[in-house]
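Read through the structure below, which is laid out as structure tokens, and then see the notes.
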Amino acid sequence: SFNDELSDNEEEMEEKSDSEGSDYSPNKKKKKKLKEKKEKKSKRKKKDEEEDENEDGGLKEPKSSGQLMEEWGLDDVDYLFSEEDYHTLTNYKAFSQFLRPLIAKKNPKIPMSKMMTVLGAKWREFSANNPFKGSSAAAAAAAVAAAVETVTIAPPLTVSPPQPIQPLPIRKAKTKEGKGEQASFSFLPSFPPSLLPSFLPSFLSFFLSFFLSFFLSFFLSFFLSFFLSFFLSFFLSFFLSFFLSFFLSFFLSFFLSFFLSFSLSFFLLPFSFLPSNMVIFILLPFCSQCPPLKGKVQRILHWKWTEPPAPFITVLPPPDADPGIPPPKPLEGIPEREFFVKWAGLSYWHCSWVKELQLELYHTVMYRNYQRKNDMDEPPPFDYGSGDEDGKSEKRKNKDPHYAKMEERFYRYGIKPEWMMIHRILNHSFDKKGDVHYLIKWKDLPYDQCTWEIDDIDIPYYENLKQGYWNHRELMLGEDSRPPKRLNKKGKKLKDDKLEKPPETPLVDPTVKFDKQPWYIDATGGTLHPYQLEGLNWLRFSWAQGTDTILADEMGLGKTVQTIVYLYSLYKEGHSKGPYLVSAPLSTIINWEREFEMWAPDFYVVTYTGDKESRSVIRENEFSFEDNAIRSGKKVFRMKKEAQIKFHVLLTSYELITIDQAILGSIEWACLVVDEAHRLKNNQSKFFRVLNSYKIDYKLLLTGTPLQNNLEELFHLLNFLTPERFNNLEGFLEEFADISKEDQIKKLHDLLGPHMLRRLKADVFKNMPAKTELIVRVELSQMQKKYYKFILTRNFEALNSKGGGNQVSLLNIMMDLKKCCNHPYLFPVAAVEAPVLPNGSYDGSSLVKSSGKLMLLQKMLKKLRDEGHRVLIFSQMTKMLDLLEDFLEYEGYKYERIDGGITGGLRQEAIDRFNAPGAQQFCFLLSTRAGGLGINLATADTVIIYDSDWNPHNDIQAFSRAHRIGQNKKVMIYRFVTRASVEERITQVAKRKMMLTHLVVRPGLGSKSGSMTKQELDDILKFGTEELFKDDVEGKRICGAEL
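At position 13 of the sequence shown (counting the first as 1) the number is 13 in the UniProt record's numbering, and the numbers step up by one without a gap.
See the structure below:
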């Protein structure tokens, strides 16, 4: 056992330490100690084996769940299973999810090990009593229960760390030979792991050569001596004939055995260099029932029952049988399972069916895990990867025969159609026969899922994309290096749509304004708004003057489109060929990709995101056409100076700017674009310092909130743009110390004028639907009042302290009070006491009654739904979003959700579902920080700010998701504020930050604002406490009819 081995290791360590510490350690003592240790170990092993035999031989009856409960002093769950339960709870996982909350409710403090053992026993009893299944189900249940018990008995220390997974063999060849479809697979079949020792081949070669030669020499000497003595006896005496025959046979057999042993050893020598399982395969080939798989299985997608084979044995009646009795039925075959698998290193186009026996033999662990997690009596229901329901899929199949074929072969097994569409071709290589293979990036799949495909595979648009790949090579390298075969499968020559090269000299003076949008924008089919054309003219003029700029238009005015069109104009007019670097929040990068496809179709845009493997593939295949431009591997290296850049635009996140500084900092960028540039408001941040070290010719910053807190942040943005001009922070702050003076405001505007362009929706769209913001004051519920008072009384000393060192403590108290204003279930104590449903969610009625905001929200949503509105609900806390999910489930509303934990792909899918015509989703839950960046939800017309952010600009960005271009309804914004609480005071204090923005960016009056002092924190915390601690004699102040 593990404990025995651990004790042995400890003894061994003690012996080593004793022997190393002493000057003299006799060998006899060492040998004696080792001998004693071995004896102890062997005794322990014997004892364990005897116990195992006794356990196996005894066939002890497992204890029932009732016996286990009684033994451990637990309360049993009295639940009578219905016929529907026996139909729905078909596997252990579903059974566990159903019964586990019931057991936990009766026994809140039950340990996890006992819980799993009881669940295993309950599952065994449930399956045995199942009237709709036979003995196979009971056996399966017993196996699951045994597995559960085994897991609970095993000590946690025995779990070994997982072995690292080898990366996929997707690497760009240094020489263009030997790559292609066969690059990911060896020419040898895959062998099952062998239990034989690794020295078996060497031992076999020695054994065979020695014994074969020995036996051959023995028999040869015997027969030679016999025949020679018999032959020579006719001519010589018996003694001489025997003597001569013996020595002749001996020498002949000796030389013959030497020759045979040498030749056999030489012949069997290669076996010593092969793995033992391969030697066994050569000596004993596999049977035809389980041929080797064509590669390594990456994942199991689906399984099905095969049709049983036709009867193959006819049973003849006995000779004395009665002719009137019908003949016996022929023996029927047994249906077998087949598994639909995805192969490692191959695309989803190569998915195929394999037999159960093959999967169990070559991928035992994967097969057992799949068998344990899924019901193996009935195949799983079809999972349409596109998300279409069965009815929609049937309609589309009737209209599109190609889709019907693909759906029957792939889509019904959980494969998304996008996974089988080519995004782009990254690279090519030639095999030994001279055939070309292409490295393909698939849509909606990361770069580490790229695969090599042969030239003539039947994939839609493959020929067009190959043509585009060679055209791009010709454009960037200036030469036609495509292979000689340029015919499609039908033998027709493809249309060669070569890309238009950018002009070598500028065609248009960038200082001249466009009165109408240029020709290259007309070619895209899009139309710019007049103010966007004005923004394009301003950016082009600033570029010609060498002035770095900040595009600070209000959220929703299309800063992304203006930026893309500006970069495209530099390229198409011949001012700059790139490359351009765009750094944006990870959540908005998908939106940037879509806009580039629309407004700049000739740009080759590379999205540099993902894990280490994906980024390694991008560096090796997307940064340059040259083989040795970048060193391969996960480690990031610099790029060669003379290497030709492959892309026009590189999209990446803030984090990778700092993580992969080595490669990105070695490239000379024609233009840098930073989206949501208020990330640069602190010059001490790593992002600011690293990005400042990049080689950049021109900088463009995008932000809807150029000034969030104070003038210092604005100075840092200007310092990043032009450090040679803005390099004295103290002088800047001293110069604009009294911002309330009219002359200082005018001077600041003149200073910002060349660098910043800002337009508001109210100025640009005169006919755009207005937005109205209402602050809705909400009362605390009785439970909230109890917790609010407890927080204040518990922290009485911190609130009464006069020193300045407890500012952090006050902020913690403030966060607790904000939680209390949202919902008391955000505290662990209240969450444990709250009533919970069997599925784990909170009881809806108790959930609503515990919070004043939820009581109000319940009434508001009912009215909004009846009037045909769609709602966005923002909250700072993701745990509050969890509670709102339970609330919406209780009310029966369909919804979507986005927070910081939802990645870009899933995020965009949720947005598309909500914005789709006729979408049934009524609400969209969003976290204020993650949901306030780069999202277009103009199909909603009502915004509810459930809890206000510390920074009011984050709330503005949040409700700007609905109040933007494309909105044709009036937008209503309801900001929930708990009356006479910390929330109400925070809202009042935050207004000063908005006043500063109004002053600096637009004319007006006001004063400079800084960070909150301890006095301000005291003021916020104590606001409303006097009224709270009065006798609670007033009733509720808000009812649904008042809204």
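Beta carbons are placed, not taken as given, at the ideal position from N, Cα and C, and that holds for glycine.
Chain-order list of residues whose beta-carbon lies under 6 Å from that of residue i (same chain, five-residue window excluded)
i	result
K572	Y520
L729	F715
K559	L551, D553 and L702
T547	P754
L507	E573 and G574
P197	Unreliable positioning characterises P197 in this predicted model, as indicated by a pLDDT of 46, which lies under 50. A coordinate reading is not provided.
G578	H648 and A670
W305	P335
M880	N822
F81	none
L672	L581, I696 and K699
Span of the beta strand (DSSP E), counted from its first residue to its last, around residue i
i	result
W442	V436 to W442
N427	I422 to F430
K699	K699 to L702
T652	V649 to T652
S352	S352 to K355
R870	No beta strand (DSSP E) contains R870, which DSSP labels as neither H nor E.
K771	K771 to V778
L717	L717 -> not in any beta strand (DSSP E); alpha helix (DSSP H) instead, spanning L711 to L721.
V943	T942 to I945
R897	Y895 to I898
V582	Y580 to S583
Same chain, Cβ closer than 8 Å to residue i, neighbours up to 5 away in sequence not counted
i	result
K977	Rather than Lys, the amino acid found at residue 977 in this sequence is Val. If we look at V977 and ignore the five residues flanking it on each side, its Cβ neighbours are I775, V776, R777, V778, S948, E983, E984 and T987.
V354	L293, V297, E338, F339 and V341
M406	P417 and M420
Residue i burial status per 10 Å Cβ neighbour count (16 or more: buried)
i	result
K466	buried
Y787	buried
I103	buried
D866	exposed
V617	buried
E500	exposed
M815	exposed
Y974	buried
R897	buried
N822	buried
S845	exposed
R870	buried
I590	buried
M112	exposed
W303	buried
W72	exposed
N-terminal and C-terminal residue of the alpha helix (DSSP H) that residue i is part of
i	result
H302	No alpha helix (DSSP H) holds H302; the beta strand (DSSP E) holding it covers V297 to W305.
L792	Q782 to R794
T705	From DSSP, T705 is part of no alpha helix (DSSP H); its letter is neither H nor E.
Y568	K559 to K572
T364	T364 to K373
I663	Q661 to L664
W470	Y462 to L477
Nonlocal neighbours in the same chain, by C-beta distance under 7 Å from residue i, ignoring five residues either side
i	result
G803	Reliability of the predicted coordinates at G803 is poor, the pLDDT of 48 falling under 50, and no value is obtained from them.
S693	G665
G840	P101
K122	S65 and L99
K894	Q920, Q921 and F922
G391	Residue confidence for G391 is low, a pLDDT of 45 falling below 50, so the modelled location carries little weight and cannot support an answer.
Distance between beta carbons of residue j and residue i, contact taken as under 8 Å
i	j	result
R638	A677	Rounded, the Cβ-Cβ distance is 27 Å, inconsistent with contact.
R615	Y608	7 Å
L711	L680	At roughly 15 Å, the Cβ-Cβ gap does not stay under 8 Å, so L711 and L680 are not in contact.
L426	N621	4 Å
residue 1094	F596	Nothing in the structure corresponds to residue 1094, since the chain is present only between 1 and 1043.
C923	I873	6 Å
Please list the segments of the beta strand (DSSP E) lying wholly inside the segment 598-623, counting only runs of 3 or more residues, in order along the chain. The DSSP assignment places complete beta strand (DSSP E) segments of no fewer than 3 residues inside the segment 598-623 at 605-608, in order along the chain.
As an exercise, report each continuous alpha helix (DSSP H) stretch of at least 4 residues that is fully enclosed by the segment 69-99, in chain order. Taking only runs of at least 4 residues, the alpha helix (DSSP H) segments lying wholly in the segment 69-99 are 83-88.
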